[in-house]
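In my numbering, the protein residues as written are 77 to 427.
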């Protein structure tokens, strides 16, 4: 296994086709690992989350020169604990899931080669490999643990947030039967009102027939109607969202949906339609239509769409908000894994 280090942002263009091809059979097939998403994140440093950062992308090739592993990392002199660290590109706030790109057959060998290469003196003087947002199901956690322990490194792992998701059945009625009775009746009532009332409610998913720039702008204008989201959507974050949506649309995995009332935009959901799963990323609501429960209605339509289009999972991603469970979601977990020679050992409460 031959290891290369890329320190320049041209890596995302240079390796794009190989990078995305590797993702197709990687241990974690998630949209946040697409080269386009990673490039957009790096260009804006996660919407301004990291002021000081240096690329350290580690790439492994086999004897035939094929890319078999990518560790998309960056160096920061101060992680959230104030320590010099190597972290996943995408950390921490706006990329719900992160991981290495590597097939299961190469995972253990790549983790071993990765830690060997990261220990060499030509890289920035990091103290901790600090990896956020690893899914509970990711085999990378165990592979990294094994490789780190074999070197005598200390390791730590902690649960971060719940990640509620719905495993979708084959039809709408079966899905409704999965909900609690009260919530099922409430959803059906809201959808009946939407289709049979006088509010002139309609919805659509943005496609090539629409002006993408105008639709993105409409979504962002809806977002800032919420005070918390207006504070979140600083200029760098706005630029991050725009580039991410443009890249996802160009790649065919943007799912941007709007609910309209008499032609006025009442609610919107920005999701990724990727790997047979709808990943619900962000939402925007017009408070004028709060009494109509526009967000609930649009979520109902999204669930119907996902079931009709045979998506396997409806992924609400990070956050334990109550409404997710009211729609029948079951929470998984994501983890922060840390390793290094001088890392403070994890306490029992961290695991």
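Backbone N, C-alpha and C define an ideal beta-carbon position, used for all residues, glycine too.
Annotated three-state conformation of residue 140 is coil, per DSSP. Fewer than three pairs of CB atoms, one per stretch, sit closer than 8 angstroms, so the stretch 182-195 makes no contact with the stretch 383-398. Straight-line spacing of the CA atoms in residue 140 and residue 188 works out to 20 angstroms. Of the residues 83, 416, 410, 371, the one whose Cα lies closest to the Cα of residue 234 is 410. Taking C-alpha positions only, residue 287 is separated from residue 345 by approximately 17 angstroms. When only Cα atoms are considered, residue 183 and residue 259 end up about 42 angstroms apart. Put simply, the backbone Cα of residue 331 is about 22 angstroms away from that of residue 263. Boundaries of the beta strand (DSSP E) around residue 240: 230-243.
The three-state reading of DSSP puts residue 124 in helix, counting H, G and I together. Bounds of the beta strand (DSSP E) holding residue 80 are 78-82. Annotation: the continuous beta strand (DSSP E) that includes residue 409 extends over 406-416. Under the DSSP definition of a beta bridge, residue 215 lacks any partner. For residue 296, the enclosing alpha helix (DSSP H) covers residues 288-299.
Minimum Cα-Cα distance from residue 144 among the listed residues 238, 132, 218, 177 corresponds to 177. When the alpha-carbon of residue 179 is set against those of 88, 102, 381, 82, the nearest one is in 102.
In this structure, the beta-carbon distance from residue 376 to residue 267 falls below 8 angstroms.
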